[in-house]
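Here is the structure we will look at, set down as C-alpha cells.
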DNA sequence: GTGGTCTAGACCACC
DNA sequence: GTGGTCTAGACCACG
C-alpha cells in the first residue's frame, strides 16, 4: 500500500499518516495481521522525522488498531474490524452531529448527505 | 438557546462555540434573523475571554452563517439554510471519507453508519 | 434616483450611501446642480439615523462632490465631472495596484481584468 | 523583499501587511514556495505585535495564498498564480464598479482608467 | 451600547 | 525553533 503525506496540509503529519492507515484498512489494502514498515524505514521512505511516524503508530496502537512489538515490528491487529464498537460510537455520533449541523447550515439536506455517504462506502468497497 | 463550553475538551474554545451555534441552527433553536448575545455578554456568561467569542463569531461570519454589525450586534443570517452549496461539498466529502474509514476500522458498517446519520437528521428535525 | 441601503453589508451605512451617490453621478442619474434630499428626509425615508446621512453628505462634501448650503439644502456640485483630477489619481493608482495584486494572486490576468473594467464602464453608460 | 507599514494609514496594520505580500507576489518579488519571515521575527522587525502579523498571515492563508505550517513556518503557496478564479470574480467586479464610480466623479474616464490599469500591470511585470 | 484593532504576555503542540 | 490559543486591557469607529 502506498502511503504519502502532504506537507502543505493543515493536518499534522502524524495525523495524516494515521488517517491513511485507517483508510487503508477500511479500503481493504491492509488486512488484519499484515505487517507495517518499521518506524525508521517508513520515515526515511517518506522523508519525514522518525518521531512523527512513531507518534502516528502510537496513536493507532492506543486505538487498538495496530500491534507494536519490539522485536517483531508493527502489524495490523488481528481483531481489527471485529466487534469492538464500544466507546467509539459515542465519539462517532458526535462527529456526525457536527458534520450534519454544518451541512444543514450549508443547505445540504438529508437525502444529499446520505447519497454522499453511500458513495464513499461504495468507493471503499471498489477494488481500484 | 443554551450555549456552553468544556474547557477540558480537545477542541479549541472558539471551535466549540462555533459548532454549537451551527448545531443550534441546524436543530432550529436558532432561526434566521435571530440575534446572538453580544461578544462581551456571551464571554462573561461563559467565563471566557471576549476575544475568544469574537473569534468564533468571525469564523461563522466568514462562513456566511451570521451577520455581524459593528453597532447593532450579531444575528443569524437570513439566508442561512438556503441553497448555497458552493465549495463546501468537496470539504464535506473528504470529512465523510475520514469518518467512514475510522468507522470501518471500528467495525461499524455502512448500514449502521447510515442509521446513525438518519438518527441525527431526525434528531435535528425533532422539536425538543 | 432610488437610494437603498443594506443593513447586512459589511460596509458602514454612511459609506454605502456615499458610494451610491457617487455611482449615481457616474451613471448619470444625478447631474451637476441636481438637488439631494435633506438629511432628515433621506434619513426617515431610508429608516436610518439622521447622523448617518449627515456623515455621508459630509464625506462627499469634503471630496467636493456635493455642496451643502444651510438654507438651500444639498445639491451636486456644478463642477463635478470637471477637471479636478489632482490628488485623486494618486489614491486611485494605489487602489488599482491593490486590486491588480489580488487579481494576479487569484489567477486573473491583464486581459480578463481589462475586460471587466470595460464591462463596468459600458454598464455605467447604458441607460437602464 | 522589504515589508513596511505605516501606522498613520487608514488601513489596519494587518491589512497593509497582507496587501504588501499580495503585491510582492503579483510583482514577482515573492515566488511560489518562497519562505516568509516567522511571525515573531517579522513583528519585531516592523516593531509591531506578533498577533498583528499572525492575523495578516491568517488572512492570506484563508485566501489560499500562503501555506502555514505549525513547525516549519510560512511560505508562498506553490499553486499561487494558478487558475483558481472561483468566487473571487464576483467580489472583484463589485470593487471595480466602486472604483469606476469614484473615478468618473473625479473626471477620470474609461480611456484614462484603462491606461492606469495597463500601467500597473506593466509595472508588475517589470523587473525592477 | 456595539464590534474591530492593537498590544502584551502566557502556555501548548509540533518537529 | 515554529504557529495557535487564550487571557487581559486599551482605544477607536459606528449609530
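Chains as they are written, first to last, in my numbering: chain A, 991 to 1118; chain B, 991 to 1118; chain C, 991 to 1118; chain D, 991 to 1118. Think of the CB as a built atom: it goes at the ideal place given N, C-alpha and C, for glycine as much as any other residue.
- For residue 998 of chain A, there are no neighbours in chain B by C-beta distance under 8 Å, as the nearest C-beta there is about 15 Å away.
- Taking C-beta atoms as the reference points, residue 1032 of chain C and residue 995 of chain C fail to come closer than 8 Å.
- Annotation: Cβ neighbours of residue 1013 of chain B in chain A (cutoff 8 Å, chain order): 1087, 1088, 1091.
- For residue 1048 of chain D, not one C-beta of chain A is nearer than 8 Å to its own C-beta.
- When the beta-carbon positions are compared, residue 1065 of chain C and residue 1023 of chain C come within less than 8 Å of each other.
- Cβ-Cβ distances below 6 Å link residue 1103 of chain B to 1093 in the same chain, with the five nearest sequence neighbours on each side left out; the list follows chain order.
- A straight line joining the alpha-carbon of residue 1026 of chain A with that of residue 1087 of chain A spans about 33 Å.
- At least one CB of chain C lies nearer than 8 Å to the CB of residue 1009 of chain D.
- Taking C-alpha positions only, residue 1045 of chain C is separated from residue 1003 of chain C by approximately 10 Å.
- Excluding the 5 residues flanking it on each side, residue 1056 of chain B has same chain C-beta neighbours closer than 7 Å at 1026, 1047, 1050, 1064, 1065, 1066, 1067, in chain order.
- Identification of chain C residues near residue 1056 of chain B by a Cβ-Cβ cut-off of 8 Å yields none; the smallest Cβ-Cβ distance measures about 10 Å.
- The beta carbon of residue 1113 of chain D sits closer than 8 Å to the beta carbons of 1017 from its chain, once the five residues preceding and following it are set aside; these are given in chain order.
- Between the alpha carbons of residue 1042 of chain B and residue 1058 of chain B lies a distance of about 15 Å.
- The alpha-carbon separation between residue 1109 of chain C and residue 1014 of chain C amounts to approximately 17 Å.
- Excluding the 5 residues flanking it on each side, residue 1038 of chain C has same chain C-beta neighbours closer than 7 Å at 995, 1003, in chain order.
- Proximity of residue 1059 of chain D to chain A, defined by a Cβ-Cβ separation below 8 Å, is satisfied.
- Our two residues, residue 1097 of chain A and residue 1090 of chain A, have alpha carbons roughly 10 Å apart in a direct line.
- Using a CB distance cut-off of 8 Å, residue 1064 of chain B does not count as an interface residue toward chain A.
- Taking CB atoms only, residue 1104 of chain A has a neighbour in chain B less than 8 Å away.
- Look at residue 1031 of chain B here: in three-state DSSP terms it is helix.
- Straight across, the Cα-Cα distance linking residue 993 of chain C with residue 1078 of chain C is about 25 Å.
- In the DSSP assignment, residue 1065 of chain C falls within the unbroken beta strand (DSSP E) covering 1063–1066.
- With a cutoff of 8 Å on beta-carbon distance, residue 1071 of chain B and residue 1106 of chain A are scored as not near each other.
- Beta-bridge partners assigned by DSSP to residue 1026 of chain A: A:1064.
- Interface residue (Cβ-Cβ distance to chain A less than 8 Å): residue 991 of chain B is not classified as such.
- Membership of residue 1094 of chain B in the alpha helix (DSSP H) is indicated by the continuous run 1078–1095.
- Taken atom to atom, the span from the alpha-carbon of residue 999 of chain C to that of residue 1111 of chain C is near 24 Å.
- Close CB contacts of residue 1030 of chain D within its chain, under the 6 Å cut and outside five residues either way in sequence, are with 1040 (chain order).
- Under DSSP, residue 1107 of chain B takes part in no beta bridge, so it has no partner.
- Annotation for residue 995 of chain A: no alpha helix (DSSP H) segment contains it, and DSSP assigns it neither H nor E.
- With a contact defined as Cβ atoms closer than 8 Å, residue 1095 of chain B and residue 1012 of chain A qualify at about 5 Å.
- Note: residue 1058 of chain C is bridge-paired with C:1064 in the DSSP secondary-structure output.
- DSSP places residue 1021 of chain A in the coil class of the three-state scheme, outside both helix and strand.
- When 9 Å is used as the limit between beta carbons, residue 1052 of chain B is near no residue of chain A, the shortest such separation being about 13 Å.
- Restricting attention to C:1084, C:1034, C:1062, the CA atom closest to the CA of residue 1006 of chain D is found in C:1084.
- Residues of the same chain with a CB within less than 8 Å of the CB of residue 1054 of chain C, apart from the 5 flanking positions on each side, are 1067, 1069, 1070, 1074 in chain order.
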